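Visitor: The numbers in the numbering used here rise by one with no breaks, and the one at position 322 of the sequence shown is 322.
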Amino acid sequence: MSWWWPFRRKERRSISFQDVWGSGGSTGLLTGVGQERALRLAPVYAATRLLSDSVASMPLKSYVGEGAARRPIVSPPIFTRPAAVGTRYDWLHRCMTSLTLRGNAYGLVVSHDVNGWPDQVEWLHPDDVHVEGNYAAVPVWYFKGRRLDPGQLFHIPAYTLPGQILGLSPIAYFATTTDTGLLAQQFGHDWFANGSTPSAVLETDREISQDTAKILKSRFKEAAEGRDVVALGLGTKYRPISVPANESQFLETIKASANQIAAIYGVPPEKIGGETGGSLTYATVEQNSIDLLTWTLRPWLARLEEALSLLRPPAEDVRFNADAMLRTDTLTRYQTHRIARVIGLSNIDELRLLEDQEPLPNGQGQDYAPLLKAAADGSEKP
Numbered sequence: 001m002s003w004w005w006p007f008r009r010k011e012r013r014s015i016s017f018q019d020v021w022g023s024g025g026s027t028g029l030l031t032g033v034g035q036e037r038a039l040r041l042a043p044v045y046a047a048t049r050l051l052s053d054s055v056a057s058m059p060l061k062s063y064v065g066e067g068a069a070r071r072p073i074v075s076p077p078i079f080t081r082p083a084a085v086g087t088r089y090d091w092l093h094r095c096m097t098s099l100t101l102r103g104n105a106y107g108l109v110v111s112h113d114v115n116g117w118p119d120q121v122e123w124l125h126p127d128d129v130h131v132e133g134n135y136a137a138v139p140v141w142y143f144k145g146r147r148l149d150p151g152q153l154f155h156i157p158a159y160t161l162p163g164q165i166l167g168l169s170p171i172a173y174f175a176t177t178t179d180t181g182l183l184a185q186q187f188g189h190d191w192f193a194n195g196s197t198p199s200a201v202l203e204t205d206r207e208i209s210q211d212t213a214k215i216l217k218s219r220f221k222e223a224a225e226g227r228d229v230v231a232l233g234l235g236t237k238y239r240p241i242s243v244p245a246n247e248s249q250f251l252e253t254i255k256a257s258a259n260q261i262a263a264i265y266g267v268p269p270e271k272i273g274g275e276t277g278g279s280l281t282y283a284t285v286e287q288n289s290i291d292l293l294t295w296t297l298r299p300w301l302a303r304l305e306e307a308l309s310l311l312r313p314p315a316e317d318v319r320f321n322a323d324a325m326l327r328t329d330t331l332t333r334y335q336t337h338r339i340a341r342v343i344g345l346s347n348i349d350e351l352r353l354l355e356d357q358e359p360l361p362n363g364q365g366q367d368y369a370p371l372l373k374a375a376a377d378g379s380e381k382p
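#1: Just the Cα atoms here: how many angstroms apart are Gly266 and Gly151?
#2: Among Lys217, Pro299 and Ala263, which one has its Cα closest to the Cα of Lys237?
#3: Take the Cβ of Tyr334 as the centre, count every other Cβ of all protein chains shown within 10 Å, and call the residue buried at 16 or more, exposed below.
#4: Considering only C-alpha positions, which residue in the set Thr100, Arg338 and Gln364 is nearest to Arg303?
#5: Tell me, to the nearest whole angstrom, how far the beta carbon of Gly103 is from that of Tyr159; I am working on the premise that it is less than 8 angstroms.
#6: At a cut of 8 angstroms, does the region 108-124 reach the region 287-307 through at least three beta carbon pairs?
#7: Bridge partners of Ala105, per DSSP?
#8: Kindly indicate which residue of Glu350, Pro77 and Ala369 has the alpha-carbon position closest to the one of Ile343.
#9: Tell me where the alpha helix (DSSP H) around Ile165 begins and ends.
#10: When the distance is taken between beta carbons, is Arg312 closer than 8 angstroms to Ser62?
#11: Rounded to whole angstroms, what's the CA-CA distance from Leu166 to Leu353? Just pull it up for me.
#12: Please look up how many angstroms separate the CB atoms of Pro268 and Asn259, rounded, as I've assumed it's under 8 angstroms.
#13: Do you know offhand how far Leu292's Cα is from Pro77's?
#14: Any idea which residues DSSP pairs Ile264 with across the strands?
#15: Return yes when the Cβ of Val121 is within less than 8 angstroms of the Cβ of Pro82, no when it is not.
#16: Do you know how far the Cα of Trp123 is from the Cα of Thr48?
#17: Tell whether a beta-carbon distance below 8 angstroms holds between Tyr142 and Gln164.
#18: Mapping the DSSP letters down to three states, classify Gly24 as helix, strand or coil.
#19: Tell me the rounded alpha-carbon separation between His155 and Ala105.
#20: Can you tell me the Cα-Cα spacing of Pro115 and Ala315, whole angstroms?
#21: If you run the structure through DSSP and keep just helix, strand and coil, what is Arg319?
#22: Using the Cα positions of Asn362 and Leu50, report the straight-line distance between them to the nearest angstrom.
#23: Please specify which runs of the beta strand (DSSP E), each continuous and at least 3 residues long, are wholly inside the region 80-128, giving them in chain order.
#24: DSSP three-state label for Tyr63, please.
#25: Thinking just about the alpha-carbon of each residue, which of Asp205, Thr212 and Ala256 is nearest to the one in Gly235?
#26: Alpha carbon to alpha carbon, how far is Ser75 from Asp119? Give it in angstroms, no decimals.
#27: Under the DSSP definition of a beta bridge, which residues are partnered with Tyr142?
#28: Can you look up Arg341 in the DSSP assignment and give me helix, strand or coil?
#29: From the DSSP output, which residues share a beta bridge with Ile73?
#30: Please state the DSSP three-state secondary structure of Phe220.
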């Protein structure tokens, strides 16, 4: 087992992510602070959290063989304890966060097993990674100014243009959308915190001097702060001013930004504070869960499966168990188990394992014979 960690050392000029895709505008959204600034926009946080949580929570397994000979194997260390700090969930979550925010995930291979395959990969901050030549057939990578040896950096791009190595960051490419949402969010805060309009008006049908007006205002504020009864006199009446927030249109702007960000990340708008085109029924809610898995998560899963398989020998295949995301009621689940048993897809012990039950004694649950065949033989009733 080998370990390596680079030291800071400046070398010749290399190309950074910012050199290729820009700094994201005057707000500096791609700086370390700017990335956190983008996450302060609720739809961005919600979209990236939804994608990262969903992918990180799925079971990940390695398989060998093809077709009928395909079978799962004991998960290698790279998928059980892939980093020195945190769990497999944390590891996948860091990877997805980097991909969704910056368009690239950079992993430093710090440990190998006895066969020379990586068994620990640490995800690096994108600002610390540079590449020499974004169009090079064989890229030369740098970490904190130090040139890395071939095979030391594990790179997953999320969205690339033909001929380029670095992925495109949604936050950089749609910086205007993010900025608009942040400005609308700040405007809403200032609207309520700073009082863009007076909170109320004290009215009287008498003509009063400026000094008298100041006295009335002071008496009212003093009584109001102590939550006491206000006695103003001079026929003075209190009239609160209620300006609908949507008159300033910042709420509509926030909703529009949420819908745009949902479109950028391919997530349902209602899950990140946006609006859908119509009302949802129970059936459509269930269908939306399937749509989320099919159209939103599946491309991310396929990208990660192909990339993570490169960390293992060619005979191994890495796959997520996407079915784990689909939750059904008890009756539907048992009906599904029944069908799997009838056609011989699963044995009883495998189905019991799905329900957190112990195997049947004496190997009784190991039979894969379809129930219909067993019933035809007279050995078992369907």
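A virtual CB, placed ideally from N, CA and C, is assigned to each residue, including glycine. These numbers come from a predicted model, not from an experiment.
Guide: Result, derived from the coordinates:
#1: Rounded to whole angstroms, Gly266 to Gly151 spans 32 angstroms at the Cα level.
#2: Lys217
#3: exposed
#4: Thr100
#5: 6 angstroms
#6: no
#7: Ala105 pairs with Ile156.
#8: Ala369
#9: Segment: none, Ile165 is in no alpha helix (DSSP H) and carries neither H nor E.
#10: Contact flag set, yes.
#11: 43 angstroms
#12: 10 angstroms between Cβ atoms; not a contact.
#13: Between Leu292 and Pro77, the C-alpha separation is close to 30 angstroms.
#14: None; Ile264 has no bridge partner.
#15: yes
#16: 17 angstroms
#17: Contact flag unset, no.
#18: Residue placement at Gly24 is flagged as unreliable, the pLDDT there being 39, under the threshold of 50; a coordinate-derived value is accordingly withheld.
#19: 6 angstroms
#20: It is Asn, not Pro, that sits at residue 115 in the sequence shown. Between Asn115 and Ala315, the C-alpha separation is close to 14 angstroms.
#21: strand
#22: 44 angstroms
#23: 104-112 and 118-124
#24: strand
#25: Asp205
#26: Roughly 11 angstroms separates the two Cα atoms.
#27: Beta-bridge pairing links Tyr142 to His130 and Arg147.
#28: Three-state result, Arg341: helix.
#29: Ser62
#30: helix
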